[in-house]
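The block underneath contains the structure these notes are about, expressed in structure tokens.
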Amino acid sequence: MTKLFATRLALLAMMTMLVSPAISAQQGDETPPPSKPGKPINTGDVLSGELNAMKVRDVKNGKRVATYQITSEPRRLPPPNGLCNLETGPETFQLVTSSDAQATQLKSFVGKEISVKVDEIACASDAGQMSEAVITKWSLIKKQ
21 MTKLFATRLA
31 LLAMMTMLVS
41 PAISAQQGDE
51 TPPPSKPGKP
61 INTGDVLSGE
71 LNAMKVRDVK
81 NGKRVATYQI
91 TSEPRRLPPP
101 NGLCNLETGP
111 ETFQLVTSSD
121 AQATQLKSFV
131 GKEISVKVDE
141 IACASDAGQM
151 SEAVITKWSL
161 IKKQ
């Protein structure tokens with residue numbers, strides 16, 4: 021009888037040793053703290069990030085046109101836009117080119133880190149926009 025008791029006690033001890041790490045691991049899985057909104061960006065501020073180029077169809081005439089996008093850290097837009105209905109604010113910013121000269125200027129910087137001075141910015145609102153925010157007026161800052 022003592023041999024049977026010792027066997028069961030050893031089996032119970034071994035099961036306890038195997039199960040206790042799994043229980044403690046489950047208790048340690050807490051949700052991470054909520055991420056903080058990005059720092060604000062206002063008119064006249066500089067936005068830096070990697071420039072990407074995408075081809076999209078123009079709504080007016082159906083032609084494929086180049087669209088440029090900066091990927092940056094999350095930023096908070098001026099009121100009333102704020103975080104653009106995002107948790108931390110927009111990270112992708114579409115650069116709207118107003119002339120062929122601006123498009124040509126950006127084409128040489130695709131895939132590289134650039135900085136632009138923001139003159140007018142808003143949350144993306146049109147269906148089909150690939151970016152979270154749109155910069156309609158901007159100027160490229162030359163790096164020394």
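With the numbering used here, letter number 13 in the sequence shown gets 33, and the count goes up by one each step, no holes. Yeah, the Cβ is synthetic: ideal placement off N, Cα and C, and Gly gets one too. Note that this is a predicted model, so its numbers are computed, not measured.
Item to check | C-beta atoms of glycine 109 and glycine 69 nearer than 8 Å | outcome: The residue you call residue 109 lines up with position 89 of the sequence shown. The residue you call residue 69 lines up with position 49 of the sequence shown. Result no, Cβ atoms of glycine 109 and glycine 69 do not sit closer than 8 Å.
Item to check | Cβ contact (3+ pairs, closer than 8 Å) linking the segment 60-80 and the segment 91-100 | outcome: yes
Checklist entry - Just reading off the alpha helix (DSSP H) that threonine 87 is part of, what are its end residues? => result To locate residue 87, count along the sequence shown from 1; it is residue 67. Where threonine 87 is concerned, there is no enclosing alpha helix (DSSP H), although the beta strand (DSSP E) it sits in stretches over 84-91.
Item to check | Best match in Ala121, Ala73, Glu111, Leu160 for proximity to threonine 87 [C-alpha to C-alpha] | outcome: The residue given as residue 87 occupies position 67 in the sequence shown. Comparing Cα-Cα distances from threonine 87 to each of Ala121, Ala73, Glu111, Leu160, the minimum goes to Ala73.
Item to check | Buried versus exposed call for serine 151 [16 or more other C-beta atoms within 10 Å across all chains shown] | outcome: Numbered from its first residue, the sequence shown carries residue 151 at position 131. The residue is buried, with at least 16 neighbouring Cβ atoms inside 10 Å.
Checklist entry - alanine 144 to glycine 102, Cα distance in whole Å? => result As a working mapping, residue 144 is identified with position 124 in the sequence shown. As a working mapping, residue 102 is identified with position 82 in the sequence shown. Approximately 12 Å between the Cα atoms of the pair.
Checklist entry - Which partner residues of serine 135 appear in the DSSP bridge assignment? => result Here residue 135 refers to the residue found at position 115 of the sequence shown. Answer is Ser68, bridged to serine 135.
Next on the checklist: I need the boundaries of the alpha helix (DSSP H) containing threonine 124, first residue and last residue.
Outcome noted: Here residue 124 is taken as the residue at index 104 of the sequence shown, counted from 1. Its alpha helix (DSSP H) spans residues 120-127.
Item to check | Secondary structure of methionine 35, DSSP reduced to three states | outcome: Position 15 of the sequence shown holds residue 35. In this structure, methionine 35 counts as helix in the three-state DSSP scheme.
Checklist entry - For alanine 17, which option in Val76, Leu160, Val66 has the closest C-alpha, if you only look at C-alpha atoms? => result Lying outside 21 to 164, the shown extent of the chain, residue 17 is not represented and no answer is given.
Item to check | Secondary structure of alanine 26, DSSP reduced to three states | outcome: On the sequence shown, residue 26 is found 6 positions in, with the first residue counted as 1. Here alanine 26 sits in helix by DSSP.
Checklist entry - Do the CB positions of glutamate 113 and isoleucine 155 come within less than 8 Å of each other? => result What you label residue 113 is simply residue 93 of the sequence shown in a count that begins at 1. What you label residue 155 is simply residue 135 of the sequence shown in a count that begins at 1. Note that residue 113 is phenylalanine in the sequence shown, not glutamate. Yes.
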